[in-house]
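Trainee: In our numbering, the protein residues as written are 838 to 1377.
For each residue, glycine too, the CB sits at the ideal point set by N, CA and C.
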Amino acid sequence: MKSWWRDRVAYQIYPRSFQDTDGNGIGDLRGIIKRLPYLKELGIGILWLSPVYRSPNDDNGYDISDYRSIHPDFGTMSEMDKLLQLAEKLDIKVIMDLVINHTSDEHEWFKESRNPDSPYRDYYIWRPGKNGKKPNNWTSFFAEDCWEFDERSGEYFLHLFSKKQPDLNYRNPKVIEEVKDIMRFWLEKGVAGFRCDVINVIWKESLANGRKRFILTGREHYLTNDGTHEILRELRRDVLSQFDCFAVGETVMVTPKSAFDLSDPSRGELDMLFSFEHMDTDSIIVKWFKKRFKPQKFCEVIAKWQTALEWNANYFENHDQPRSVSRFGDDQNFHDESARMLCVLLLSLRGTPFIYQGQEIGMTDFDFTSMDQIRDVESLNVYRLATRLHIPKSYRWKMILRSGRDNARTPMQWSAGKNAGFSTGTPWLGINGNHTKINVEAQDKDPNSVLAFYRKMIRLRNHNKLLRSGAFRSVEISRKLFVFERIHDKEKITVVINFSGNPGRYNASGKLLLSTYERIDYDGSLAPYEAVLLSGRNEG
Ligand code: ISL
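1. Hey, is lysine 967's beta-carbon within less than 8 Å of any beta-carbon in chain D?
2. So arginine 1305 packs on arginine 1298, CB below 8 Å; how close in whole Å?
3. Please go through the segment 1005-1043 and give each complete alpha helix (DSSP H) segment of 4 or more residues, from N-terminal end onward.
4. Compute the minimum distance between the beta carbon of tryptophan 975 and the heavy atoms of the ligand NAD, and state whether it is under 7 Å.
5. For leucine 921 and glutamine 849, what's the separation of their Cα atoms in angstroms?
6. Pull up the DSSP beta-bridge partners for proline 1190, would you.
7. What do you reckon, are the CB atoms on asparagine 1269 and phenylalanine 1171 nearer than 8 Å?
8. What would DSSP say about leucine 997, mapped onto helix, strand or coil?
9. Quick one: is the Cβ of valine 1089 within less than 7 Å of any heavy atom of the ligand ISL?
10. Determine the DSSP secondary structure at alanine 1096, reduced to helix, strand or coil.
11. Alpha carbon to alpha carbon, how far is serine 1372 from leucine 1226?
12. Any idea what DSSP makes of glutamate 1322, helix, strand or coil?
13. Hey, would you say tyrosine 1343 sits closer than 8 Å to leucine 1363, going by beta carbons?
14. Indicate the three-state DSSP secondary structure (helix, strand or coil) for phenylalanine 1336 in the structure shown.
15. Which stretch, first to last residue, makes up the alpha helix (DSSP H) that contains glycine 1262?
16. Which stretch, first to last residue, makes up the beta strand (DSSP E) that contains alanine 1140?
17. Are there any heavy atoms of the ligand ISL lying less than 7 Å away from the beta-carbon of glutamate 943, as far as the coordinates show?
18. According to DSSP, what are the bridge partners of aspartate 903?
19. Where does methionine 838 sit, in a helix, a strand or coil, going by DSSP?
20. The alpha helix (DSSP H) with phenylalanine 1290 in it runs from where to where?
21. Please tell me whether lysine 1001 and aspartate 942 are closer than 8 Å, where the distance is taken between their beta carbons.
22. Does DSSP classify methionine 1109 as helix, strand or coil?
23. Excluding five sequence neighbours on each side, which residues of the same chain lie with their C-beta closer than 6 Å to the C-beta of phenylalanine 986?
24. Label aspartate 1209 either buried or exposed according to how many other C-beta atoms from any shown protein chain fall within 10 Å of its C-beta, with 16 as the threshold for buried.
25. Check whether the segment 1092-1108 touches the segment 1123-1140, taking contact to mean three or more Cβ pairs, one atom from each stretch, closer than 8 Å.
26. Does the Cβ of arginine 1242 lie closer than 7 Å to at least one heavy atom of the ligand ISL?
27. Which class does phenylalanine 982 belong to by DSSP, given the choice of helix, strand or coil?
28. Taking C-beta to C-beta, are tyrosine 890 and serine 915 nearer than 8 Å?
29. Relative to the C-alpha of aspartate 1281, which residue among Tyr875, Gly1307, Phe1205 and Gly1188 is closest?
30. From what residue to what residue does the beta strand (DSSP E) around serine 1372 run?
31. Tell me the start and end of each unbroken beta strand (DSSP E) in the segment 844-885 that is at least 3 residues and wholly inside, in chain order.
32. Going along the chain, which unbroken runs of the alpha helix (DSSP H) with 4 or more residues stay wholly within the segment 929-987?
33. Quick check: what's the CA-CA separation for lysine 1049 versus serine 1240?
34. Please list, in chain order, all residues of the same chain as proline 888 whose beta carbon is under 7 Å from its beta carbon, the five residues on each side excluded.
35. Taking C-beta to C-beta, are glycine 1254 and aspartate 857 nearer than 8 Å?
36. CB-CB under 6 Å to asparagine 973, same chain, minus the five flanking residues each way: which ones, in chain order?
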């Protein structure tokens, strides 16, 4: 079977914020259908949909209450079928978000499970307290304890995320069978695979106390262990291998070694994975404490992962991360220049590139002014915890502004008009004021826009085998420069990146394939945030 997922550019849609068509302020499937031609023109070959299933939306759909139905806010199953059909016509493969570490507490299984005598009891992880205390000292991803007491059953249940997201019990073989059925259901409908949410934490090796840590106490008991490897192999053997599909894992806190094992093609687990080390280079231990972004560190980490794994899932943005142009570029002085540079970097690395909605027009972090505009459960919890810890108010707000997940979730900016063309109703989350300048409609008409550049760069990649599958070789990484090559036999492409707002220099030979500035040949001088691609002969 051909690994088509290595040859395509992927695009992530966060449906709530993409395009609303019925005026309820929430994006929907009809909105995605409407924008399929836009995605086709962009050059996209894979579409990843963040969850569209039924959910009480404690964590915007990452808390699923029915894996086989569409949330009415988003539309209906027949609209989903239509979306799949139309995408197929355009040769766009659709992958779904598979959230199986936990369900919503409003899922039927969990409702049943609250009854200690129910056959569903064992679908989740229930434990009595210890001497009036919680069963262990673990802490959650969302800045709270991991155990919630349930009056009705007199025990606690485990939740690594919010208390409305109880963890499934993978020691129960029935749970794995349920997951397989859900996967088959979607694959039979014609989806082309899954993005597997926090997939390397599903197996809890023990529930003993963890070593006390600043974040995620207890994690040594569940991060990437043999149990997870085994389940992944089982899902591959019994389900994935029966379809023409792929699985990309979201894997938290992976090292190059553990990531290698999870995505080594010969082991038959994941086809590729999202790692986080490059995204953490501007954090001090946790993302909430930021330090100055250093391009050199960022590029060193990228280069390390490029060589550590046979194939990476490359990304600079998603629905959990701040916007890349604000974070790694300069959205004030060199907005377009740095957005184009990041485009070249992302699309010339080895691996499948994932673009997050709005990245292709250089959407920026939000311009909110107060906490009551924030909707994300993680930000709300963290703000509460920071208040308890007496972190000053101005610093708390800075934490949310710089690291909060709502940065990436403001609605897609389609036009300069009302609500940025996202909705005729009241958007569920504020629209960034800069939509009057940064929007699809304006950029569509402008041949020098960030959008026009993304189209050009994606086209180049789609037509250039070397860029898609050549080996990666790092040439130079310094405070401001990142130079690497993509090689196959006697051919190479040299990628020269000036990761700075100052002019730079780098001597390299080859025929100029593309520059982020309008230039016809390359003489070694680089404008601020310029990136160039040169094609040449591989001599060494
Ligand atoms: O948001 C994060 C960045 O700090 C992470 O802690 C994030 O929660 C983690 O990467 C897991 O993310 C995924 O699972 C969560 C969900 O809230 C995220 O939106 C999803 O991408 C729980 O399902």
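Mentor: Quick answer:
1. Judged by its chain identifiers, the structure shown contains no chain D, having just a single protein chain.
2. 6 Å
3. 1010-1026
4. Within the structure as shown, the ligand NAD is missing, the only ligands being the ligand ISL.
5. 15 Å
6. Asn1151
7. no
8. coil
9. yes
10. helix
11. 55 Å
12. It is a strand residue.
13. yes
14. coil
15. From DSSP, glycine 1262 is part of no alpha helix (DSSP H); its letter is neither H nor E.
16. Segment 1132-1145 is the alpha helix (DSSP H) holding alanine 1140; no beta strand (DSSP E) there.
17. Glutamate 943 Cβ: outside cutoff for every heavy atom of the ligand ISL.
18. Arg891
19. Residue placement at methionine 838 is poorly supported in this model, since its pLDDT is 48, which falls under 50; the coordinates are not used for a value here.
20. 1287-1300
21. yes
22. strand
23. Tyr993
24. exposed
25. no
26. Shortest gap from the CB of arginine 1242 to any heavy atom of the ligand ISL: under 7 Å.
27. For clarity, residue 982 is aspartate in the given sequence; the question names phenylalanine instead. Reduced to three states, the DSSP call for aspartate 982 is strand.
28. No; because the gap between Cβ atoms is not below 8 Å, this pair is not in contact.
29. Tyr875
30. 1368-1374
31. 847-850
32. 945-950
33. 24 Å
34. Gly898, Tyr899, Ile901, Asp934 and Val936
35. Not in contact: glycine 1254 and aspartate 857 (Cβ atoms no closer than 8 Å).
36. Leu1044 and Asn1046
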